[in-house]
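In the working numbering, the protein residues as written are 287 to 605.
This is the structure:
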């Protein structure tokens with residue numbers, strides 16, 4: 287995908303609006319913060335004046351000090367940056383208001399999007415500002431596109447997609463996922479949202495079924511042993527694997543078995559392995575499985591939307 291690159295921009299001595307994803311806790315080792323460092327280092331070396339813009343939480347267009355971005359300022363001080371306040375304190379951000387976009391744009395001379403995880407949203411700081419300033423994709427943003435594209439461009443088959451977690455809206459991507467995945471394994475709380483489908487035992491599902499809906503334990507906090515075995519069997523045949531969400535409530539040791547055994551099977555495999563989403567990342571850290579993956583995306587919903595639609599509003603805005 288031919289997007290304008292950060293290296294194409296004249297940033298020397300310029301005010302650079304850098305859109306980051308700070309919808310997280312202010313810890314320097316957080317993936318979303320670490321992933322911005324290459325772009326920050328480059329801009330600092332070029333003598334740019336860096337202005338970070340971002341949002342946190344859902345304040346509903348009102349000031350909420352508990353969602354302030356002030357705690358992030360010390361993390362970025364070594365790059366000499368200014369962290370602006372939470373964009374969502376103004377209703378114009380989520381409304382993609384043109385006047386608000388112009389206000390933000392007045393803070394900089396050029397714009398760089400390093401917030402892949404928010405680029406599925408048509409908000410002022412994602413799609414409005416690129417219309418007003420010279421712009422480019424950040425280094426991490428480019429790598430997200432390159433790595434995720436490998437799932438559907440010249441991918442090695444079978445492609446196995448683990449769709450899990452607790453957010454019901456993930457199921458809206460199922461039909462799109464079926465277009466490029468050979469097998470879709472559904473775990474987490476998602477089977478509970480699928481009506482009669484959840485009642486069919488994994489034992490009775492044929493070898494050629496494309497979608498395998500896991501059975502849940504009585505408390506619905508994990509997948510059953512039969513489901514674990516079936517999922518592992520499908521995973522062991524994969525050449526490309528995508529993980530979106532943990533199969534069970536891994537935070538609780540009593541409900542960790544599904545996630546632990548499935549992730550262990552994935553990391554042991556010689557395949558191209560991708561994972562994405564905040565819950566997935568946390569589960570990988572808890573189970574010390576992150577190093578077994580080739581790419582961990584900073585996007586949850588953005589990763590799913592990109593894989594299904596092959597683009598995002600934030601990508602189109604940069605073209």
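The beta-carbon is built from N, C-alpha and C at its ideal position, and this holds for glycine as well.
Remember, predicted model here, so these are calculated numbers, not experimental data.
Fill in: Option in 531, 439, 495 and 467 with minimal Cα separation from residue 475
531
Worksheet item: CB-CB under 6 Å to residue 467, same chain, minus the five flanking residues each way: which ones, in chain order?
Response: 445 and 447
Fill in: Start-to-end residues for the alpha helix (DSSP H) that takes in residue 519
511-521
Discussion item. Looking only at its chain, what residues have a beta carbon closer than 6 Å to the beta carbon of residue 341, apart from the 5 residues adjacent to it on each side?
Written reply: 372, 373 and 374
Worksheet item: Going by the CB atoms, is the gap between residue 308 and residue 325 shorter than 8 Å?
Response: no
Worksheet item: From which residue to which residue does the alpha helix (DSSP H) around residue 359 run?
Response: 359-362
Practice prompt. Report the three-state DSSP secondary structure of residue 568 (helix, strand or coil).
Written response: helix
Worksheet entry | Straight-line Cα distance separating residue 336 from residue 301 | 6 Å
Worksheet entry | When 351, 541, 354 and 481 are compared against residue 503, the one with the closest alpha-carbon | 541
Worksheet item: Are there 16 or more other CB atoms within 10 angstroms of the CB of residue 351, so buried, or fewer, so exposed?
Response: exposed
Worksheet item: From this set, 480, 485, 464 and 306, which residue's C-alpha is nearest residue 453's C-alpha?
Response: 480
Discussion item. List, from N- to C-terminal side, the alpha helix (DSSP H) runs of 4 residues or more that fit wholly inside the stretch 344-432.
Written reply: 359-362, 377-380 and 384-391
Worksheet entry | Under 8 Å between C-beta atoms of residue 477 and residue 501 | yes
Practice prompt. Have a look at the DSSP bridge pairing and note the partners of residue 335.
Written response: 301
Item to complete: Write down the C-beta distance between residue 422 and residue 295 rounded to the nearest angstrom, noting that I regard them as a contact closer than 8 Å.
Response: 5 Å
Item to complete: Below 8 Å on the Cβ atoms is my guess for residue 471 versus residue 520; work out the distance and round it to an integer in Å.
Response: 6 Å
Worksheet item: Rounded to a whole number of angstroms, what is the C-alpha to C-alpha distance between residue 637 and residue 433?
Response: This structure leaves residue 637 out entirely; the chain is present only between 287 and 605.
Worksheet item: Excluding sequence positions up to five away, which residues of its chain have a Cβ less than 7 Å from the Cβ of residue 594?
Response: 459, 462 and 463
Practice prompt. Check residue 488 in the structure and name its three-state DSSP category.
Written response: helix
Practice prompt. Following the continuous beta strand (DSSP E) through residue 561, name the residue where it begins and the one where it ends.
Written response: 558-562
Discussion item. Looking at the strands, I want to know which residues DSSP matches up with residue 499.
Written reply: 472
Item to complete: Have a look at residue 509 and residue 515 and give me their C-alpha separation to the nearest angstrom.
Response: 10 Å
Discussion item. Between residue 409 and residue 587, how many whole angstroms is the CB-CB distance? I'm expecting something under 8 Å.
Written reply: Contact doesn't hold; Cβ gap of about 13 Å is too wide.
Worksheet item: Shortest alpha-carbon distance to residue 437 belongs to which of 358, 590 and 382?
Response: 590
Discussion item. With H, G and I counted as helix, E and B as strand and the rest as coil, what does DSSP make of residue 435?
Written reply: helix
Discussion item. Quick check on DSSP: helix, strand or coil for residue 548?
Written reply: helix
Worksheet item: In this structure, does DSSP put residue 329 in helix, strand or coil?
Response: helix
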